[in-house]
Amino acid sequence: MAFVKDMLRMWAHSWKRFISIAMITLLGVAVLTGIYAGCRDAFRSTDRFFDAQGLHDVQVLSTAGLSNGDIAALRKVNGVAKVQAERSQEVTFDLDGRKSATMQEIGTDGIDQPYLQEGRMPKKAGEIAVTRKFIRDSGKRIGSRLTVTPESASSDTSDTNDTNGADGTNEASGTDEAPSFPTKLTIVGVVLDPQNLSNPDGYSAMTSFRSTATTDYTFFAPSDGVTGTLYTSATLLVKGAAAESTFDESYENTVKQVTDRIDGTVKTDRQKARRQELLDAGNKKIADARAEADKKFADAQSQIDANRQQFNQQVDQIVSMQAGAAAAGAAANGANAGAAAAAGATTPQLDETTRETMRETIIAASPELTQAKQQLDQAQSQLNEQKASTEQTLKTKENELKTSIPQVRWYVQDRQSLGGFSALKSDLDSIQSLGNAFPIVFLLVAVMMSLTAMARMVEEDRSLIGTYVGLGYGRLAVASRYLLFALLACLIGGGLGLIAGFLGIPAFLLVVLQGMYVMPGLRLEYDWLYGSLGIALFVVGVLAATIYACVQEMRQTPASLLRPKAPRAGSRILLERIRPVWNRMGFLSKVTARNIFRFKSRLIMTVGGVAGCTALIVCGLAINDTVADLGIKQYRDIYQYDLMVVSDDSDASAMRTKVASDGRVTSSLDVRIESGDLTVAGSGDGDSGKAGSSGSESIQLVAVPEKHLSDLGEMVTLQPVSSGILGTSGVGKTGSLKLDDDGVIVAQSAASALGVKAGSKVRLTNGDGVQATAKVSAVNRNLIGSDVYVSETYYAKLFDSKDAKNTKNSKSSEDSEALTWNAMLAKLSGSDTSQTDYAESLEEDSSVMKAVSCAHMADSFKFDLMGAVVALIVALAGGLALVVLFTLANTNVSERVREMATLKVLGFFDREVHHYVNREMMILTVMGVILGLPLGRLVGGMLTMALNMPSLYFEVEVKPLSYVIAAVATMAFALLVQLFVNPVLDRIDPISSLKSVE
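If you're matching positions, the sequence shown starts at 177 in this note's numbering and goes up one per residue.
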């Protein structure tokens, strides 16, 4: 009982150490669990929301629309649980200028169901539900009316609809009709689109670099009132996918199996079948036109023949009359009356030549007959010309039909293609990677501080330990006094850390997240396993340090422990050997130098602890500086062009004409831009490289005309890079990199994510889904986006040759054509504002699919979530620095009580004692800061390497101001600690402190 009472008294006496260990554990556990818990809560709530709304696992799009046959084929794919055919239509309306929207049919199969936020879901024709973004921008409310105008034709079906028959009609096929929605609309509800969780009332619009929306708004309408049998897309749910977390690799693998099956057979077969349907429909229209024309021509010919027959009959009648009259006159001159009567009653027989001569004579003699004959001949001639022209037109249509209908292409996409989904996932993944790295530093600092505090605590009780061991107490029982002390401190601190980690920090993160995304049903959850393991990790570390301190003392005999510990032997420090410096130092300065450098453990612990905390602050600020400069570096330094304009292939010429006619361009480069994939050759399944899968990255494939390869360097800064260590990279000289026909140039952002370097072999997938293995000639400096540059010749070699992989999807030799330059990189005149306005005006042109202003992208690029997390980490690092400095200062004072008492006996005033002690701490703090600044840069490099986000490369940047802030903050914490330490120095009693322990 006395042993326990003494242990409790010892614990109460060491309350400062107890608080220090508890606070360090609290901070460490909070960092370890807090960021993880916040991201996990967001992941889980979003996954529940996606499952409740039936967000599609796979989406299939087609350049020719989807027919009932396509939908039926998708339903037969193994692993598909449900298929929903969807119809949509792009419309425009007037809202402070021309705005566009997508009229989206609300599916009846439970897939991609909008989440009702206000009002009710539309049920009747003409009713719609809109997003909160539209309500905010338009000022309309539930019950407001809106009139929209359908666009002439969507890009998805314009290619296939342009198969005009001889009669000039324009239909996709004989039976398929494009979707059509009502144009007079009434708003009845406000909904959240599950495909886009961006918060319109927050600051999500700042992350516009990841926006993939092609229209300004989405309107949701019921099936009532929607016409058309041609579907815009098909959405699929995969069996077993709902049971997996949508953000886990197991979910991606489940979905990938189905997308591979679709890509393997269904896609190819249905592409061919759909194109054949369009060909058959075109041939049928031509055949119908020929039959109708033949009928019209036959009717016209019959009319002409009837008129000619009537004309001939009239002429023959006149011929007969004239021949009869001539015969009667001849009989009257030399015959009797009976003979004359007989001759008059009989028509003379004329040969054909005589009769034809008489016809011509009669027609020539009569203007009316002449005109009638000319009209008949002219009608026949015109009819013959029309027949020949129509036949020639139909034959031309037959010949042009095959080339006028392009190859039908399917695009099989998973959730990664949704801009809202991929943005949320990349944001949370990046923050979670920070949450996995920072606790390591906290744990190391906690172990160091625990070792310092517990070693001093054990050393103070040296004689008491010897007494207990001499009285027969076991060493384990004696050590338990300190082990239980450390354990209790860890458990209390860890418990409070769990509260902060599963409630405080997640609540803060989720407030920031909800400013960017709308996540219905969000709630905080506790993870017993992770929380217990978090505390256990720090308990093990602190107890290990305590055990080490106990073993170091208890290995001695009780007799040795009962005697005071022998003072350290005097020794010279290195500074004493530098005589010019040492001789010029004052007495107190020499004492300070000896105290600092003779006690190596104190030096290492103090400098190491301060350096670790400073490094954490620098690291957090480094991440903030790195993210803040991404947009400026990419869109002002790397991209030299001011404007990128992209159009559909069919509108490429019109787009270039439009841009040229505006007179804003000072120089330009025509290129071809396609969306594709880059996969490390030999990693994963070669049949399909999906974004998000292992070894695959979504890219923007940029083909450059052969004659203008040298002009690429004027539009994009080409700098070769080589991988470095700890987040560094070697950057070559600007302009030293050239695009040639021997390989492709890969962006650093994609190369870093996949481990690609110059000379590597990669598998490229172009916009048509054709795959080929390419050589990487160089890696170019690039921070945002994953561009892959390829020459026109090498592009043709990769995707048009017989050796290209997946040749079943390759174009045949007769179909191979020169590349269509569907994009333009241009330098503009004018200010940044005028360039942004010009890009916006271009997007309203029908020939322009997308216009991007680099000035706008540089100004609008924001990463607010990262900034909030960095602020949190810097705050926690500052708290850790304060606790570390407080622990070290108190340990320093407790070790030197007799020294401080001696100084007071010698006549030192309190302020002089303060200066004597604090000067050592400030010098050690400065040394820790000096070591921590470069250490923070290295740790920042390591952490930015861990931020492996899609299409982003974090080029570590630490501004001088960040170093100043970190140094000043650490020094300010050291000065604050002095305010707590100085009263302790004042309370030292010289008499009691100098009593002999013996």
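For each residue, glycine too, the CB sits at the ideal point set by N, CA and C.
- With contacts defined as CB atoms closer than 8 Å, V236 and D590 fail to qualify as a contacting pair.
- Between T411 and E262, the CB-CB gap stays under 8 Å.
- Annotation: L455 to A463 spans about 12 Å, alpha carbon to alpha carbon.
- Around the beta carbon of E1131, a 10 Å sphere encloses 16 or more other beta carbons of the protein chains shown; the residue is thus reported as buried.
- Inclusion of D916 and S967 in the CB contact set at 8 Å is warranted, their separation being smaller than that value.
- For N800, the three-state secondary structure derived from DSSP is helix.
- Under a 10 Å Cβ-count criterion, M497 is classified as exposed, with fewer than 16 other Cβ atoms of the shown protein chains found around its own Cβ.
- Taking the C-beta atoms as reference points, Y970 is found nearer than 8 Å to V920.
- Here V256 is near V434, since their CB atoms are less than 8 Å apart.
- Assignment of S190 by DSSP, reduced to helix, strand and coil, places it in the coil class.
- D1162 is positioned such that its CB atom lies no closer than 8 Å to that of P682.
- Within the segment 522 to 610, the complete beta strand (DSSP E) segments at least 3 residues long are 586 to 590, listed from N- to C-terminus.
- Burial of N1068 is indicated by the presence of at least 16 other C-beta atoms within 10 angstroms of its C-beta.
- Under the 10 Å beta carbon count, L1152 is surrounded by fewer than 16 other beta carbons and is classified as exposed.
- Residue pairing by DSSP places F269 opposite K275 in a beta bridge.
- Following the DSSP letters along the chain, one finds E752 in no alpha helix (DSSP H), marked with neither H nor E.
- 8 Å or more divides the Cβ of R585 from the Cβ of Q479.
- By the neighbour-count criterion, in which 16 or more other beta carbons inside 10 Å mark a residue as buried, Q229 falls on the buried side.
- By the neighbour-count criterion, in which 16 or more other beta carbons inside 10 Å mark a residue as buried, H189 falls on the exposed side.
- Taking a C-beta distance under 8 Å as the contact criterion, Y427 and L368 do not qualify as a contact pair.
- A straight-line Cα-Cα distance of about 16 Å links A735 and V654.
- Here W997 is buried, its C-beta having at least 16 other C-beta atoms within 10 Å.
- Excluding five sequence positions before and after F618, the CB atoms of its chain that fall closer than 7 Å to its own CB belong to L203, G204, V207 and L1056, given in chain order.
- Beta-bridge pairing by DSSP links D887 to no other residue.
- As DSSP reads the structure, N956 sits in a beta bridge with P896 and A923.
- Around the beta carbon of I304, 16 or more other beta carbons sit within 10 angstroms, so the residue counts as buried.
- Taking the C-beta atoms as reference points, L627 is found nearer than 8 Å to A721.
- For T768, the enclosing alpha helix (DSSP H) stretches over residues F763 to R774.
- In the structure shown, the three-state DSSP call for D846 is strand.
- Sorting L797, M1076 and I749 by C-alpha distance to the C-alpha of A769 places I749 at the top.
- In the structure shown, the three-state DSSP call for T628 is helix.
- In this structure F763 is exposed. Its beta-carbon is surrounded by fewer than 16 other beta-carbon atoms within 10 angstroms.
- Nearest to W191 by C-alpha distance, out of T1063, A1148 and S1169, is T1063.
- Under the three-pair Cβ rule at 8 Å, the segment 468 to 477 counts as touching the segment 555 to 573.
- Out of Q547, A469 and M199, the CA that lies nearest to the CA of T569 is found in A469.
- Straight-line spacing of the CA atoms in F1149 and M279 works out to 59 Å.
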